[in-house]
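Remarks on the structure that follows.
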Amino acid sequence: RIVGWRVVSTPLGTSNNMPLKIFVPVDGTEMSKRAFQRALTVSKPGDIVYIVTVFRPFPFDVPPEFLVNRKAKLQTIHDLMVRSAGKHDLVPVSVMLEDEDEKSSLLVQIQKYDADLVVMGKRNVSSSARKLLMGSVASHLLRHSDRSILFIN
Numbered sequence: 059r060i061v062g063w064r065v066v067s068t069p070l071g072t073s074n075n076m077p078l079k080i081f082v083p084v085d086g087t088e089m090s091k092r093a094f095q096r097a098l099t100v101s102k103p104g105d106i107v108y109i110v111t112v113f114r115p116f117p118f119d120v121p122p123e124f125l126v127n128r129k130a131k132l133q134t135i136h137d138l139m140v141r142s143a144g145k146h147d148l149v150p151v152s153v154m155l156e157d158e159d160e161k162s163s164l165l166v167q168i169q170k171y172d173a174d175l176v177v178m179g180k181r182n183v184s185s186s187a188r189k190l191l192m193g194s195v196a197s198h199l200l201r202h203s204d205r206s207i208l209f210i211n
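Going by the working numbering, the sequence shown opens with residue 59, and the numbers climb by one from there.
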């Protein structure tokens, strides 16, 4: 189900010959997996899909094997998405970063890759709480990005 669509720039893919650059933040949740699936449906062969994960280091000590398992799980998700994008004749780009500020890091990556469209999940909240609790990352990108954003619920 599509819950929001905001276009803030010129029409996407101003030329049929230009590949659309679709940016999909992935955090391993079912919502981010659904956002990726939606990105596949709005793309055409030859488009570029950026599968991007930014994770914060833990503010406390955790066992090293926990971190290895966390990164391995995310890498597995990226690998599956890359294969799926390839089956749709898309050009997949997998990016995994570690940064203290995931919101700002995502904004930087969106600019760096000159994304035409951001497709991402957002938290499911009631309409009365929507203004306060959209989801901190989704809300931040909505307020600070100048790119088109498709929110998936």
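Using N, Cα and C, we set each Cβ at its ideal position, and we do this for glycine too.
Q: Quick one: grab the DSSP three-state call for Leu125.
A: Taking the first residue of the sequence shown as 1, we reach residue 125 at position 67. Residue state, collapsed to three classes: helix.
Q: Determine the DSSP secondary structure at Lys180, reduced to helix, strand or coil.
A: Within the sequence shown, numbered from 1, the residue matching residue 180 stands at position 122. The answer is coil: DSSP assigns Lys180 none of H, G, I, E or B.
Q.
Tell me which residue opens and which closes the beta strand (DSSP E) that Val82 is part of.
A. Here residue 82 refers to the residue found at position 24 of the sequence shown. In the DSSP assignment, Val82 falls within the beta strand (DSSP E) that extends over 79-83.
(Q) Starting from Ala206, trace the beta strand (DSSP E) in both directions and tell me its first and last residue. (A) Position 148 of the sequence shown holds residue 206. The identity of residue 206 in the sequence shown is Ser, whereas the question assumes Ala. Run containing Ser206: 206-210, per the beta strand (DSSP E) assignment.
Q: Return the chain-ordered list of same chain residues with a C-beta closer than 6 Å to the C-beta of His136, the five sequence neighbours on each side being excluded.
A: Taking the sequence shown and counting its residues from 1, one reaches residue 136 at position 78. Counting only residues of its own chain and dropping the five nearest sequence neighbours on each side, His136 has a CB closer than 6 Å to the CB of Ile109, Ser152.
Q: Would you mind working out which of Ala143, Ser162, Asp172, Asp157 sits nearest Val100, comparing C-alpha positions?
A: Here the question's residue 100 lines up with position 42 in the sequence shown. Selected option, being the one with the closest Cα: Ala143.
Q. Any idea what DSSP makes of Leu101, helix, strand or coil?
A. Residue numbering aside, residue 101 sits at position 43 when the sequence shown is read from its first letter. Residue identity check: residue 101 is Ser in the sequence provided, not Leu. Ser101: coil per DSSP, three-state reduction.
Q) Roughly how many whole angstroms lie between the Cα atoms of Val82 and Asp147? A) Indexing the sequence shown from 1 puts residue 82 at position 24. Indexing the sequence shown from 1 puts residue 147 at position 89. Val82 and Asp147: Cα-Cα distance of roughly 17 Å.
Q) Going by other Cβ atoms of all chains shown within 10 Å of its Cβ, with 16 needed for buried, is Asp105 buried or exposed? A) The residue labelled residue 105 in the question sits at position 47 within the sequence shown. Burial is judged here by how many other beta carbons sit within 10 angstroms of a residue's own beta carbon; Asp105 has at least 16 and is buried.
Q) Taking Cβ to Cβ, would you say Ile207 is nearer than 7 Å to Ala93? A) By one-based count along the sequence shown, residue 207 stands at place 149. By one-based count along the sequence shown, residue 93 stands at place 35. Contact annotation: Ile207 and Ala93 have beta-carbon atoms that are not nearer than 7 Å.
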